[in-house]
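Undergrad: A single structure is presented below for examination.
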Amino acid sequence: LRHQHWSLVMESVVPSDRGNYTCLVENRFGSIHYSYLLDVLERSPHRPILQAGLPANTTALVGSDVEFFCKVYSDAQPHIQWL
Numbered sequence: 316l317r318h319q320h321w322s323l324v325m326e327s328v329v330p331s332d333r334g335n336y337t338c339l340v341e342n343r344f345g346s347i348h349y350s351y352l353l354d355v356l357e358r359s360p361h362r363p364i365l366q367a368g369l370p371a372n373t374t375a376l377v378g379s380d381v382e383f384f385c386k387v388y389s390d391a392q393p394h395i396q397w398l
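If you use this note's numbering, the sequence shown corresponds to residues 316 to 398, in order.
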């Protein structure tokens with residue numbers, strides 16, 4: 316938990332961080348506050364997801380270079396292997 320001038324920074328939030336956080340600002344003329352509600356969702360593990368449209372079939376001329384992309388979204392560190 317860090318205070319950075321105008322903001323509150325929370326790194327690697329966990330479910331117990333859920334709740335209300337209130338910013339209170341005061342000067343000699345009065346005060347104002349705003350409350351923020353933080354909800355921390357727990358992600359359920361799932362198999363890797365490939366980016367839509369990738370990989371894509373390719374046609375190449377003899378002697379040309381070819382590059383394939385396999386962009387993956389995964390909660391766990393993915394192991395990518397070309398066969």
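Positions of the beta carbon are idealized from the N, C-alpha and C atoms, including for glycine.
Taking the continuous beta strand (DSSP E) assigned at V340, which residues delimit it?
TA: Position 25 of the sequence shown holds residue 340. It spans 334-342 - the beta strand (DSSP E) in which V340 sits, taken as one unbroken run.
Undergrad: Taking the beta strand (DSSP E) that L323 falls in, what are its first and last residues?
TA: Mapped onto the sequence shown, residue 323 falls at position 8. Element bounds for L323: 322-324.
Undergrad: Which residue comes first and which comes last in the beta strand (DSSP E) that contains I347?
TA: Here the question's residue 347 lines up with position 32 in the sequence shown. Residues 345-353.
Undergrad: Measuring alpha carbon to alpha carbon, tell me which of I364, S379, R358, E382 ends up nearest H394.
TA: By one-based count along the sequence shown, residue 394 stands at place 79. The option with the nearest alpha carbon to H394 is I364.
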